[in-house]
Amino acid sequence: MPQLGRIAASVAVERLRPVRSDDPTVAPTRVADLTPAWMSRALCPDGRARVVAVDLIDGSHGTTSRHRLRLRYDRDPAPLGLPETVFAKSSPGVLQRITQAISGLVEARFYLQLREQLDVAAPCCHHGAYDQRRMATVLLLEDLVATQGATFLQPSDQVDQADAEQVVRTLATVHATFAGRPPAGFKSYGRQWRDAFALVDVESAFRRCLGECGELLDRSLRADPARTWRAVLASIAAHESRPPTLLHNDVHLGNWYRPAAGGIGLCDWQGVVLGDGARDLAYALSTVLAVDDRRAWEDDLLALYGEELHRRGGPAADPPALRDRYRAQLWGALAFWAPTFSPPRLMPGDMQPREVSGEMLRRIGSACLDHDAFAAVAA
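Rendered as structure tokens:
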């Protein structure tokens, strides 16, 4: 695995000699290496103001390192439209950079190249820098808590039907915007999985989850791990025969937020790929909604997606065909959360709290049963 070796060597060197620079095109190793001079050039390239201090508010670690930072300037930033706080994402560790290698540093590309084309509620990006060789990236994103009073959805939160309809409209907007013109520089859904398989033993983690999760998944999904894994592979392969569009690709409950003013928005665009929009639709509805609510609203939400997709310039959706694609793509949602519940060795072990990943498995597994998802992929 030459790429894995390069990543490990780069991180080892940076532990001894962290990358620091005043050049905003350089991605420093850690948030602690974001100097006032780097921030000044990133946020104030015209020299109208200067950052004099960068203070840590709070932070966490998972597939990326995430920190809220308070910035102090040499003058009042408000009249200049400069942020007083930012949400910084970086990738200082080996496991985080392996995740970046699988996805391909796409979050920076998304914000720098595509975000402004989308009429959806999502964070803005103040600055981004990435290094393809090191698989290092730094993003300075809008601090949604400060700017919009945002709260991020949790399994205990009530998602009502209006919220669910907004989720569907958001996905339809993304998919319609890039239907027939998939942007360059982004991996296909199948390619991302192949890259994941080359770097991480996803299948073993998936099988281990089936053995560890107990009654979170119905016995029919756990009884024959080989059959269940074949269903996952068939679900991935189905994308090859579909015209691709841009997918968010990780639309689980925790990546949606509520601004204080109302509505619902979508964040964490680090997994963007090209593929069949049914992937996002199945993943979102099976994780965002409580099981009984999904069952009650699902038919209407699928119909709404088809209508919105076409209304916004995407292809007309044949309802029975859309439902079949939706059923088949439930396996991809399960394949994302099984390794989260039972992480493989070369992925972060703290991607999500166990109780959250367990609830996601339960919701997705219920959808697989409701829709006879084995039959959808002839597994």
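415 is the number that the working numbering gives the last residue of the sequence shown; the numbers go up by one with no jumps. Glycine residues also receive a C-beta, built at the ideal position from the N, C-alpha and C atoms.
Residue i vs residue j beta-carbon contact at 8 angstroms
i, j, result
"V62", "A165", "yes"
"H103", "V130", "no"
"P64", "V88", "no"
"R56", "D69", "yes"
"H288", "T323", "yes"
"L79", "L141", "no"
"L366", "A414", "no"
"W74", "D91", "no"
"G290", "L148", "no"
"S139", "Q228", "yes"
"Q168", "W333", "no"
"T206", "L116", "no"
"F123", "D193", "no"
Selection from the options that minimises the alpha carbon distance to residue i
i, options, result
"F214", "L150, L302, L189", "L150"
"E344", "R330, V204, L79, F146", "V204"
"L40", "E50, T135, Y362, A267", "T135"
"I286", "L154, A318, R255", "As written in the sequence, residue 286 is Asp, which differs from the Ile given in the question. Per the Cα distances, A318."
"A352", "A339, R170, R330, L397", "A339"
"Y225", "D316, W74, L116", "D316"
"V327", "D304, R398, R294", "R398"
"L321", "Y362, M75, D193", "Y362"
"Y293", "P279, L252, V181, E251", "V181"
"C245", "R390, A200, H407", "R390"
"A314", "A297, R331, P279", "P279"
"G342", "R258, V210, P81", "V210"
"A270", "D82, R77, V47, A412", "A412"
"G185", "V47, I300, A198, G95", "I300"
"T281", "W265, V308, C303, A296", "V308"
"T187", "G298, G247, E152, A241", "G298"
Whole-angstrom distance between residue j and residue i, CA atom to CA atom
i, j, result
"S393", "D112", "43 angstroms"
"Q202", "R42", "42 angstroms"
"A114", "P379", "44 angstroms"
"L52", "A44", "13 angstroms"
"A359", "G401", "This sequence places Arg at residue 359; Ala is not what is there. Distance between the alpha carbons of R359 and G401: 17 angstroms."
"G349", "A212", "6 angstroms"
"L177", "C249", "35 angstroms"
"R243", "R263", "11 angstroms"
"A232", "A273", "15 angstroms"
"H162", "A208", "26 angstroms"
"D237", "K223", "20 angstroms"
"F377", "E251", "14 angstroms"
"A172", "S126", "7 angstroms"
"R170", "P54", "12 angstroms"
"L257", "V49", "44 angstroms"
"R77", "Y109", "12 angstroms"
"A374", "V268", "11 angstroms"
"G216", "L154", "15 angstroms"
"L337", "D304", "23 angstroms"
"A296", "L175", "24 angstroms"
"A371", "M387", "15 angstroms"
"P355", "R230", "30 angstroms"
"P128", "S46", "10 angstroms"
"D82", "C160", "20 angstroms"
"A369", "S277", "19 angstroms"
"D199", "R266", "34 angstroms"
"R84", "A158", "27 angstroms"
"H407", "E395", "19 angstroms"
"T183", "A364", "39 angstroms"
"P60", "A357", "47 angstroms"
DSSP beta-bridge partners of residue i
i, result
"D91", "R106"
"C161", "L177"
"D167", "A172"
"T187", "R294"
"G311", "T281"
"F123", "R104, L177"
"H97", "S101"
"G349", "In the DSSP output, where bridge partners are listed per residue, G349 has none listed."
"G301", "Y293"
"S224", "L310"
Integer-rounded CB distance, given that residue j should sit under 8 angstroms from residue i
i, j, result
"L325", "V195", "6 angstroms"
"Q306", "T100", "7 angstroms"
"P218", "L310", "5 angstroms"
"R133", "G221", "About 19 angstroms separates the two Cβ atoms, so there is no contact after all."
"D254", "L405", "5 angstroms"
"D312", "H275", "5 angstroms"
"I93", "L107", "Incorrect: roughly 11 angstroms between the Cβ atoms, too far for contact."
"A403", "R330", "7 angstroms"
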